Structures are given as C-alpha cells and as structure tokens.
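Some notes on the structure that comes next.
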Amino acid sequence: MEIALTLLVVAAAAFAIRTIIKTNPAQPMVLPPMPTTPYEPKLPAGPAALHWSDDGRYLVEVMTESRYQPTLKELAGEHGDQAAAVPYLATLVPDDVNPYESAAVAVFVAGRMVGYLSPKAAVTFREHLKRKEAEGQSTTCDAQVRGGGKWQNGRLAYVVVLDMEPLER
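In this text, residue positions in the sequence shown follow our numbering: the first is 1170, and each later residue adds one.
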C-alpha cells in the first residue's frame, strides 16, 4: 500500500511538472537597445555654487578614458616634444543619473567632458558639498591639462589634474 501511494505521489508530481513546462514555456527576455553613443552628462547652465582651491598643488587627478584623449590633446594645444601643462577652469558636476555609478562626479574643462572623479574621491567630494550646503550643485576649481610629451618614439597620454585638497587618503 505504501509503495502504491509513493508511486501515485511521484506520478502526480511528474504530471504537474510536465503541465507547468508545457503550458508556460520560457519567453526570451527582450533587452533594451544598446546606445549608439556612450553616456555623457550635460554641463548645467548657470553659475557654480563655489570655487575650490588648494593653493596650486594640483593633487587630484581626473579619471579619463581613451575616448577623451582627442579632446585633451586639443585642449593641450601645441607643446612640441615637452609635456603640456595648460591651465583651465574645471567644472565639477554631481551626476545623479549616471547609469554606471551612483555617486559619480563629472569633470568638464572649457565646457567639454574630460572624465570623472574616482568613485572614492566622488563620495568624499559629495560629502564636502553637503558640508558647504551645495549638495547636488556644480562647482569649479583650477585645472591643468598635462602630458603628451615625447617618450620612446611616442607620446604620453594626457591627464587632467585639479587644484583641490586631496579627496583620497
């Protein structure tokens, strides 16, 4: 009797599983289309909330990607074989809608996107904004586009450094 009951339970379970599989086949998931251009935030209009300075020490480096190198090369201008060190005013913009980083801070030079603060630096920077009662607002600091000097039959990459107190310790 126990064997018959066990067989009945196994058969009922198998029938239920077969019915579920037959009546509800897995549908392929539709993915959103890939963007044709990389994500890039917009530079907000209007004045900056405040200006940062670290007395010309330029200790905060902007994280740049290879796609920003042509822009940085253009901003560096002609500098021969020596590395560039061209001064600019940078605008730092908290990027609250960035799809890749929740606390991103975008960096613009001469109105053009040049990179981001590192994730750790961005969190610290946002804490500074909060303390200064400028949360979510754009701010400025002096910057330099550096690099591009000749080295071993090639040119070094360009970087952007900011005149701000170090954000990573």
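The beta-carbon is built from N, C-alpha and C at its ideal position, and this holds for glycine as well. Note that the structure is a prediction, hence the values are computed from the model and not measured.
| Check | Outcome |
| --- | --- |
| Beta carbon of Leu1219 nearer than 8 angstroms to that of Thr1293 | no |
| Identified DSSP bridge partners for Tyr1257 | Ala1312 |
| CB of Tyr1285 within 8 angstroms of CB of Ala1291, strictly | yes |
| Residue-chain proximity (Leu1219, chain D), Cβ-Cβ < 8 angstroms | No chain D is present in this structure, which holds just one protein chain. |
| Three-way DSSP call (helix, strand, coil) for Pro1390 in this model | With the chain covering 1170 to 1338 only, the question about residue 1390 has no answer from this structure. |
| Proximity below 8 angstroms, CB of Ala1312 to CB of Gln1238 | no |
| Residue interval of the alpha helix (DSSP H) (run including Ala1185) | Glu1171 to Thr1192 |
| Cβ-Cβ separation, Val1330 to Leu1241 (assumed contact under 8 angstroms), whole Å | Between Val1330 and Leu1241 the Cβ distance is about 12 angstroms, and since that is not below 8 angstroms, they are no contact. |
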